[in-house]
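One structure is given below, encoded as structure tokens.
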Amino acid sequence: MLKNIFQFYFQGFKNMTIGKKLWTIIIIKLGIIFLILKLFFFPNFLNTNFKTDEERSNYIINQLTK
Amino acid sequence: MEHVDFSLVDWSRAQFALTAMYHYLFVPLTLGLSFIVAFMETQYVRTSNPEWKRITKFWMTLFGINFAIGVATGLILEFEFGTNWSNYSWFVGDIFGAPLAIEGIMAFFLESTFIAVMFFGWNKVSKKFHLISTWLVAIGSNLSALWILVANAWMQYPAGMKFNPDMARNEMVNFWEVLFSPVAMNKFFHTVTSAYVLSSVFVIGVSAWFLLKHRELLFAKKSIIVASVFGLVASLLIIITGDGSARNMAQHQPMKFAAMENLYKGQQNAPLAVIGLLQKNHTDTIIRKQDFTFKIEIPSLLSIMAFQDANAYVPGVDDLVNGNKQHNILSYKERTEKGKISIMSLAEYKNAKKTGNDSIANVALTKFEENYAHFGYGYYANRDVNELVPNIPLTFYSFRIMVGLGFHFIALFLVILILTKKDKIGKKRFILYTALWSIPLAYIASELGWIVAEVGRQPWVIQDILPSIAAVSQIKPASVQLTFWLFFVIFTGLLIAEIKIMLSQIKKGPEPESVDLKTN
Numbered sequence: 000m001l002k003n004i005f006q007f008y009f010q011g012f013k014n015m016t017i018g019k020k021l022w023t024i025i026i027i028k029l030g031i032i033f034l035i036l037k038l039f040f041f042p043n044f045l046n047t048n049f050k051t052d053e054e055r056s057n058y059i060i061n062q063l064t065k
Numbered sequence: 000m001e002h003v004d005f006s007l008v009d010w011s012r013a014q015f016a017l018t019a020m021y022h023y024l025f026v027p028l029t030l031g032l033s034f035i036v037a038f039m040e041t042q043y044v045r046t047s048n049p050e051w052k053r054i055t056k057f058w059m060t061l062f063g064i065n066f067a068i069g070v071a072t073g074l075i076l077e078f079e080f081g082t083n084w085s086n087y088s089w090f091v092g093d094i095f096g097a098p099l100a101i102e103g104i105m106a107f108f109l110e111s112t113f114i115a116v117m118f119f120g121w122n123k124v125s126k127k128f129h130l131i132s133t134w135l136v137a138i139g140s141n142l143s144a145l146w147i148l149v150a151n152a153w154m155q156y157p158a159g160m161k162f163n164p165d166m167a168r169n170e171m172v173n174f175w176e177v178l179f180s181p182v183a184m185n186k187f188f189h190t191v192t193s194a195y196v197l198s199s200v201f202v203i204g205v206s207a208w209f210l211l212k213h214r215e216l217l218f219a220k221k222s223i224i225v226a227s228v229f230g231l232v233a234s235l236l237i238i239i240t241g242d243g244s245a246r247n248m249a250q251h252q253p254m255k256f257a258a259m260e261n262l263y264k265g266q267q268n269a270p271l272a273v274i275g276l277l278q279k280n281h282t283d284t285i286i287r288k289q290d291f292t293f294k295i296e297i298p299s300l301l302s303i304m305a306f307q308d309a310n311a312y313v314p315g316v317d318d319l320v321n322g323n324k325q326h327n328i329l330s331y332k333e334r335t336e337k338g339k340i341s342i343m344s345l346a347e348y349k350n351a352k353k354t355g356n357d358s359i360a361n362v363a364l365t366k367f368e369e370n371y372a373h374f375g376y377g378y379y380a381n382r383d384v385n386e387l388v389p390n391i392p393l394t395f396y397s398f399r400i401m402v403g404l405g406f407h408f409i410a411l412f413l414v415i416l417i418l419t420k421k422d423k424i425g426k427k428r429f430i431l432y433t434a435l436w437s438i439p440l441a442y443i444a445s446e447l448g449w450i451v452a453e454v455g456r457q458p459w460v461i462q463d464i465l466p467s468i469a470a471v472s473q474i475k476p477a478s479v480q481l482t483f484w485l486f487f488v489i490f491t492g493l494l495i496a497e498i499k500i501m502l503s504q505i506k507k508g509p510e511p512e513s514v515d516l517k518t519n
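Protein chains in written order, with numbering that gives the first Met the number 0: chain A, 0 to 65; chain B, 0 to 519.
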């Protein structure tokens, strides 16, 4: 069963023509999104600056009520 | 909120608008083309005609290209929530968690699993199982859209939640109320049916190109028939859901409705300006008043659209800003005062809780809850009320162009269906060129729909509760500016790649059945 599933995907990927170009684009795109954008440009503001949910909620209340 | 860094707010908004608009260039074709392909494959399984298999495989390949390029572009919006809109993300966290988690699981299991069968499974699984997989991909992609649209609808009409003042966030109290809110259901059906129209126009436009080139005539005509019938049915549904959107908007977002209609003074038997030209008004004393230089109206239609009653009173911008006692409409001044009480009560509650004074905390909480419906207005207590009125010309024109294009598509579907059925379409070059050039128009209409929905609700991120000035993270505007341009470059690159790959695949045309095993 597992072998059949593996073969199904393996043969599918092997026989691709335009799919290869598309997979290259997908991999490059995901690389840019997760390895560059997420790591260097989009840290989670609250998770980076505060350790606990209590600190986060206090900060937000201060922001909302200042 | 007296000192707001507008460059931060504006760049954050611009960045979100840019990424959302680019993301939505890819989404609608996936939603609609998946169903068109499923209908075509159903025809193949029903008739065993190999021509239907060729047709299915060609459109399936274009679906695959669009899916591959567009997939994960929506993730960037989630990054922006966490970085640029952290106040908002925290404020709504629990409301968004469940729908987005379901979306993730659904997208992964339904789409990812069955897409593999759809592309790799020809001649490896039974015809029926392949067909079921194709249908499940279509249903899965559309259900993914349901959850994200439910989240968006909640921002337009926050239902099924309660604000927890201890955690400063909204918590879901009734999942079904969130899912089945009238705004959510209507938004879902309106959005997906508009995606079906776009996809139908795409299929018809590409098929028209083949007819203009005198290539693949049978393929093109069969594709046109499926797409024009699908497009016509979707267009009829859009009219129904569009009517529902107008009613929801009039009830829950009256300022958006007034802006969309450029209705300054409210009235009974309000007419609908079918076509209108706005005059630029430089009078500072009148809030965002835009006179018409020219208009064609239908009497009472706006009242009917809004409340299904020709005599109904439709409030205008002036009524909403300055109030109207006769129709029980509070002025923005009154609402900003109530909002300020709500904000101050929240601060009092938090301080009382910190010092352990429960009686003061209870009084403050009651005051906060009594005025919570106006919470967001409190941020405008010392600000210009003009900031609470959306961009009227942009909303007004976007709506009219979108509706005008919608009627153009209905006429196109009808004419092209009749001509194809009578086998006269090949000679009607003007109609074929119109069909071809309608492809970009369908994308424009689709984006304009979102402009009406999102620009029209400004300044609210969550209607009446949280404005954009209170929702942004306190980060450097320069970093938002930098990522704005970064996204612009990445998305433009993806769009160019999509168009290039799509065009080369279209030019190749459907493969002969004997060699088509390697076309995926």
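In this text, a Cβ means the ideal position worked out from N, Cα and C, and glycines have one as well.
Being a predicted model, the structure only gives us computed values, none of them experimental.
The three-state secondary structure of ARG214/B, taken from DSSP, is coil.
The C-alpha of PHE209/B lies about 43 Å from the C-alpha of ASN261/B. In the structure shown, the three-state DSSP call for ASN122/B is coil.
Counting only unbroken stretches of 3 or more residues, no beta strand (DSSP E) element lies wholly within the stretch 30–67 of chain B. Taking each of SER6/B, LEU387/B, ILE54/B, VAL362/B in turn and checking the Cα distance to ALA346/B, the smallest one comes out for VAL362/B. Between ILE400/B and LEU447/B, the C-beta spacing is below 8 Å. Within 10 angstroms of the beta-carbon of HIS326/B lie fewer than 16 other beta-carbons, which makes it exposed.
The DSSP assignment places 216–251, 253–260 as complete runs of the alpha helix (DSSP H) inside the stretch 213–267 of chain B, in order along the chain (cut-off: 4 residues). In terms of Cβ geometry, SER341/B and TYR378/B do not form a close pair [threshold 8 Å]. Per DSSP, the continuous alpha helix (DSSP H) segment holding GLY405/B begins and ends at 391–420. Contact between TRP58/B and LEU32/B holds, with the beta-carbon distance rounding to 6 Å and staying under 8 Å.
8 Å or more divides the Cβ of VAL191/B from the Cβ of LEU416/B.
At a cut-off of 8 Å between C-beta atoms, THR51/A does not count as an interface residue with respect to chain B. Per the coordinates, the alpha-carbon of ASP308/B lies some 6 Å from the alpha-carbon of SER302/B. When DSSP assignments are scanned along the stretch 9–37 of chain A, the uninterrupted stretches of alpha helix (DSSP H) that are 4 or more residues long and fall wholly within it turn out to be 17–30.
Secondary structure note for GLY275/B: its beta strand (DSSP E) is the uninterrupted segment 271–277. Counting C-beta pairs with one atom in each stretch, the stretch 180–199 of chain B and the stretch 29–46 of chain B have three or more that are closer than 8 Å, which means they touch. For the pair VAL316/B and ASN247/B, the CB atoms are not nearer than the 8 Å cut-off. Residues of the stretch 24–42 of chain A with a C-beta atom less than 8 Å from some C-beta of chain B are ILE24, ILE25, LYS28, LEU29, ILE31, ILE32, LEU36, LYS37, PHE40, PHE41, PRO42, listed in chain order. In the displayed model, THR292/B falls within a strand according to three-state DSSP. Ranking TRP134/B, VAL200/B, LEU216/B by CA distance to the CA of LYS423/B puts LEU216/B first.
For a cut-off of 8 Å, the C-beta gap from SER143/B to MET171/B is around 20 Å, too long to register as a contact. DSSP places GLU369/B in no beta strand (DSSP E) but in the uninterrupted alpha helix (DSSP H) bounded by 357–370. With respect to the C-alpha of ASP9/B, the residue from LEU485/B, ILE468/B, HIS189/B having the closest C-alpha is ILE468/B. The residue from ASN185/B, VAL225/B, GLY204/B, LEU276/B with its alpha-carbon nearest to that of ILE238/B is ASN185/B. A Cβ-Cβ separation of about 14 Å leaves ASN173/B out of contact with PHE162/B under the 8 Å criterion. Taking PHE25/B as reference, the option from ALA67/B, GLN42/B, PHE38/B, SER206/B with the minimal CA-CA separation is ALA67/B. For MET160/B, the enclosing beta strand (DSSP E) begins and ends at 160–163.
ARG168/B carries a strand assignment under DSSP once its states are collapsed to helix, strand and coil. As for any alpha helix (DSSP H) of minimum length 4 sitting wholly inside the stretch 467–497 of chain B, the runs are 467–470, ordered along the chain. In the DSSP assignment, ILE297/B forms a beta bridge with LEU271/B. Taken in chain order, the unbroken stretches of beta strand (DSSP E) that lie wholly in the stretch 421–462 of chain B and span 3 residues or more are 459–461. Between the stretch 437–455 of chain B and the stretch 393–411 of chain B, the count of C-beta pairs closer than 8 Å reaches three or more; the two stretches touch. Proximity of chain B to LYS20/A at the Cβ level (cut-off 8 Å) is accounted for by ILE500, in chain order. Residue pairing of LEU465/B in beta bridges, as defined by DSSP: ILE461/B.
The contact set of LEU1/A on chain B, defined by CB atoms closer than 8 Å, is empty, because the minimum CB distance reaches about 15 Å.
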